[in-house]
Structure formats: C-alpha cells, structure tokens
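Visitor: For this note's numbering, count along the sequence shown from 1 and bump the result up by 47.
Here a beta-carbon is modelled for each residue, glycine too, at the ideal position from N, C-alpha and C.
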Amino acid sequence: MDLKTEILALKQQRNAVILAHNYQIGEIQDVADHVGDSLGLAYHAKEAQADVIVFCGVHFMAETAKIVNPGKIVVLPDADAGCSLEQSCPAEQLEAFLTANSEKNYYVIAYINCSAAVKALCDVICTSGNAVRIVQQAPADRPILFVPDANLGSWVMEQTGRKMDLWQGSCYVHVEFTRDSINRIKQAHPGALVVAHPECTQAVRLLADEVCSTEKMVTWCRNAPAKDIIVVTESGMLHRLRKECPDKNLIAGPTDRCYCADCKYMKLNTLQKLRDCLLHLSPRVEMEESIRTRAEAPLLRMLEQSR
Ligand code: 13P
Ligand code: SF4
Numbered sequence: 048m049d050l051k052t053e054i055l056a057l058k059q060q061r062n063a064v065i066l067a068h069n070y071q072i073g074e075i076q077d078v079a080d081h082v083g084d085s086l087g088l089a090y091h092a093k094e095a096q097a098d099v100i101v102f103c104g105v106h107f108m109a110e111t112a113k114i115v116n117p118g119k120i121v122v123l124p125d126a127d128a129g130c131s132l133e134q135s136c137p138a139e140q141l142e143a144f145l146t147a148n149s150e151k152n153y154y155v156i157a158y159i160n161c162s163a164a165v166k167a168l169c170d171v172i173c174t175s176g177n178a179v180r181i182v183q184q185a186p187a188d189r190p191i192l193f194v195p196d197a198n199l200g201s202w203v204m205e206q207t208g209r210k211m212d213l214w215q216g217s218c219y220v221h222v223e224f225t226r227d228s229i230n231r232i233k234q235a236h237p238g239a240l241v242v243a244h245p246e247c248t249q250a251v252r253l254l255a256d257e258v259c260s261t262e263k264m265v266t267w268c269r270n271a272p273a274k275d276i277i278v279v280t281e282s283g284m285l286h287r288l289r290k291e292c293p294d295k296n297l298i299a300g301p302t303d304r305c306y307c308a309d310c311k312y313m314k315l316n317t318l319q320k321l322r323d324c325l326l327h328l329s330p331r332v333e334m335e336e337s338i339r340t341r342a343e344a345p346l347l348r349m350l351e352q353s354r
C-alpha cells in the first residue's frame, strides 16, 4: 500500500480530520480535508466533529485546535515544528513586561503565532487575515500592546492609523526577502504584480501590489489583472496557488540567498510522519486546563470579532 492510501485508510479508521496549512508540502496538502490559513483552520478545528484532529502545520496551530476543541484528540506529525515568532515572545517575558508597565493598562493583542501561555495573558488574538478588523475593534481609550510580530504590527498601524506599542519579534523566513531581492525578480518579469505577506518588512511591503494573508492570496491571484504574479511568502503557498489559479504564472519571491523561502519548521512534516501520527495517535497536544481556558477566551473573542 502506498503512503497516501495508508493515510486515507487510517484517517477513516481513526475517524480523523486532516487540516493542513498553506505552507505544507504539496503531498500533505493533497491528502488534507481542509487546506488554509491560520484563521480558516482555526474555524475548521473549532467546528470539527471527528474524534481526532490531525494538524499539519506548526505547534502553535495544533495547540490552537486543542484550545478551541478540547474534547478531541489533537495530533501533529512533528512536535518540533515550532515558529520563530512564538520563540521571540516567551510567556515569562511578556508577563514581566506587563507587570513592569501595569500603570499603562495595555489592551494586549497577540498574533496567533504564539504559545498558549502567551495567549492566556492577552485580551484578544488575531491572524494576518483579520488583524486590521481586530485592531479596529479595540477599545479606543486603552493603549495597545501588539505581540509578537513587529512587522505585522507596523503594517496594521499603517492600515488603521491606530498607534500601538510593538513587541520586537519577527518571522525568520519573511524577513529574508529584501528590497533588492524583490526588485531583481520584478526586473526579470516586467509587468508582473507582487503579492506579499504582512510578516515581510516595510521595505518589501512597499513593493507589493497587495499585502494579505495566505488565504486571501488565493482570491487575489485568481482575480488579478495580470498573468505573472510574484508571490512573496513561504514556498508551500505556490502549490496551493498553482492548483487554484492554473491560468496564472506564479513566481516564487526570492531572498538574497535562495530562489525561494522555506520555513524549516513547516517542512519538518512529511507524509511518513503524518502516517505515523495517525497510526500511534502521537505526538499529542496536551495542556493544563487552567491555561487552556485562559487562552480560549481571547481566541473566542477573535472568532466572534472576525465573523
Ligand atoms: P497565515 O495565517 O496568513 O496563513 O500565516 C501564517 C504564518 O505562519 C505565516 O508565516
Ligand atoms: Fe513561524 Fe515564519 Fe514559519 Fe510562519 S513561516 S510558521 S511565522 S517561522
């Protein structure tokens, strides 16, 4: 039996649903029940009826699934699939910062790329797909602390005009794109449009015709008035876009060192590990119930505010 057939048989046997992020390798996207961005997958996780949720993405995404649907067994192919943004904001550091600045009475907005312990310290969560809407709904009379992505935060400030204090975290993949690397590829494809993820630096975002979440890239590319489109985000996105927009010429945005950018965490997941986690129902996401309930409140607020 080939791996794909084995995975589909195990999925049925375990009564599992497979969720895959847009950055997963093509073979994983192709066996998943749902492929999407952090926001879409959080909704799918919350609404999942299956006994087991297999989250093919990185750890904070699987953790989010467990927070919003705690009755399910949540597994992921590789427990070491982390995220540089999550690492940039340890819960103890955020807690110490909030204590040291308690007189400010911050309204804390956390990008979903953070741990459950960080979510538990926040008022509301956002993703790249709803960050503008979430910030627009923040109380006008409180200062905002936005954690952990300073690039996403500064993009949201540009979009909303709302001033925020920014935690200085970044995505190690998206900051690899530079003004020079994107200008070079633009020169090689005159007339091409550029779509970029808001985790990119401002210098790169300024070169883009559109800045949006990975899911919005699909609709934007489908409707874009050009055949050639330079996609400035992690390389897995190209698989999804080529499937959904077959009439477009989708070009990977290069960095100064490489013709495309891979997230080493997203790429830890393989078909073999997906088969194994379905077989052994491990590695599993577990967390203390007190942290889960405290992290659930800001996540539910986000789901409510982005409908
Ligand atoms: P999206 O929610 O836009 O898919 O982004 C997730 C992510 O990790 C980007 O690096
Ligand atoms: Fe984290 Fe960046 Fe990888 Fe997304 S691409 S999971 S933000 S390290």
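Helix, strand or coil, according to DSSP, for Val99 in the structure here?
Guide: In this structure, Val99 counts as strand in the three-state DSSP scheme.
Visitor: In this structure, what does DSSP give as the bridge partners for Ala157?
Guide: Paired residue(s): Ile172 and Val194.
Visitor: Just verifying my parser: in three-state terms, what is the DSSP assignment at Ala271?
Guide: Three-state DSSP puts Ala271 in coil, outside helix and strand.
Visitor: For Leu328 and Val122, I'd like the C-alpha separation in whole angstroms.
Guide: Straight-line Cα distance between these residues: approximately 6 Å.
Visitor: Just to check, is the beta-carbon of Tyr312 closer than 6 Å to a non-hydrogen atom of the ligand SAH?
Guide: By its list of ligands, the structure shown excludes the ligand SAH, since it contains just the ligand 13P and the ligand SF4.
Visitor: Is Asp84 helix, strand or coil when you go by DSSP?
Guide: Coil.
Visitor: Taking all protein chains shown into account, decide if Arg322 is buried (16 or more other Cβ within 10 angstroms of its Cβ) or exposed.
Guide: Its Cβ being crowded by 16 or more others within 10 Å, Arg322 is buried.
Visitor: Does the distance from the C-beta atom of Phe102 to that of Cys130 stay below 7 Å?
Guide: Not a contact, by the Cβ cut-off of 7 Å.
Visitor: Pick from Lys314, Trp214, Ala271 and Arg354: whose alpha carbon is nearest that of Ala239?
Guide: It is Ala271.
Visitor: For the ligand SF4, any of its heavy atoms closer than 6 Å to the Cβ of Leu285?
Guide: For the ligand SF4, not one heavy atom lies less than 6 Å from the Cβ of Leu285.
Visitor: For the beta strand (DSSP E) containing Val64, list its first residue and its last residue.
Guide: Where Val64 is concerned, the enclosing beta strand (DSSP E) stretches over Ala63 to His68.
Visitor: For Cys310 and Tyr219, what's the separation of their Cα atoms in angstroms?
Guide: Taking the straight line joining both Cα atoms gives about 8 Å.
Visitor: Could you say if the region 127-144 and the region 71-78 meet the contact criterion of at least three C-beta pairs nearer than 8 Å?
Guide: Not touching, per the Cβ criterion.
Visitor: Tell me which residue opens and which closes the beta strand (DSSP E) that Ala299 is part of.
Guide: Asn296 to Ala299 is the extent of the beta strand (DSSP E) around Ala299.
Visitor: Leaving out five residues on either side along the sequence, give the residues of the same chain with a beta carbon under 8 Å from the beta carbon of Leu297.
Guide: Only Cys268, Ile276, Val278, Leu285, Leu288 and Arg289 meet the Cβ criterion.
Visitor: May I ask whether a heavy atom of the ligand SF4 can be found less than 6 Å away from the beta carbon of Leu350?
Guide: Not so, every heavy atom of the ligand SF4 lies at least 6 Å from the Cβ.
Visitor: Excluding the 5 residues flanking Thr280 on each side, which residues of the same chain have their C-beta closer than 6 Å to its C-beta?
Guide: Only His244 meet the Cβ criterion.
Visitor: According to DSSP, what are the bridge partners of Glu110?
Guide: Bridge partners of Glu110: none, in fact.
Visitor: Rounded to whole angstroms, what is the Cα-Cα separation between Val155 and Ser260?
Guide: Going by the C-alpha atoms only, they are around 21 Å apart.
Visitor: Would you grab the beta carbon distance between Leu315 and Asp127 for me? Rounded to a whole angstrom, and I think it's under 8 Å.
Guide: Rounded, the Cβ-Cβ distance is 6 Å, consistent with contact.
Visitor: Quick one, are the C-beta atoms of Ile114 and Val99 less than 7 Å apart?
Guide: Not closer than 7 Å, so no.
Visitor: Can you give me the C-alpha to C-alpha distance between Val258 and Val241, rounded to a whole angstrom?
Guide: Straight-line Cα distance between these residues: approximately 9 Å.
Visitor: Since I believe Phe224 is in contact with Gly300 (beta carbons under 8 Å), could you give me their beta-carbon distance rounded to a whole number of angstroms?
Guide: With a Cβ gap of about 6 Å, Gly300 and Phe224 count as contacting.
Visitor: Report whether the distance from the Cβ of Glu110 to the nearest heavy atom of the ligand SF4 is below 6 Å.
Guide: Not so, every heavy atom of the ligand SF4 lies at least 6 Å from the Cβ.
Visitor: Taking the continuous alpha helix (DSSP H) assigned at Leu326, which residues delimit it?
Guide: Counting along the chain, the alpha helix (DSSP H) containing Leu326 begins and ends at Leu318 to His327.
Visitor: Could you give the DSSP three-state label for Gly283: helix, strand or coil?
Guide: Of the three classes helix, strand and coil, the one that applies to Gly283 here is coil, per DSSP.
Visitor: Is Leu88 near the ligand SF4, in the sense that its beta carbon is under 6 Å from a heavy atom of that ligand?
Guide: Not so, every heavy atom of the ligand SF4 lies at least 6 Å from the Cβ.
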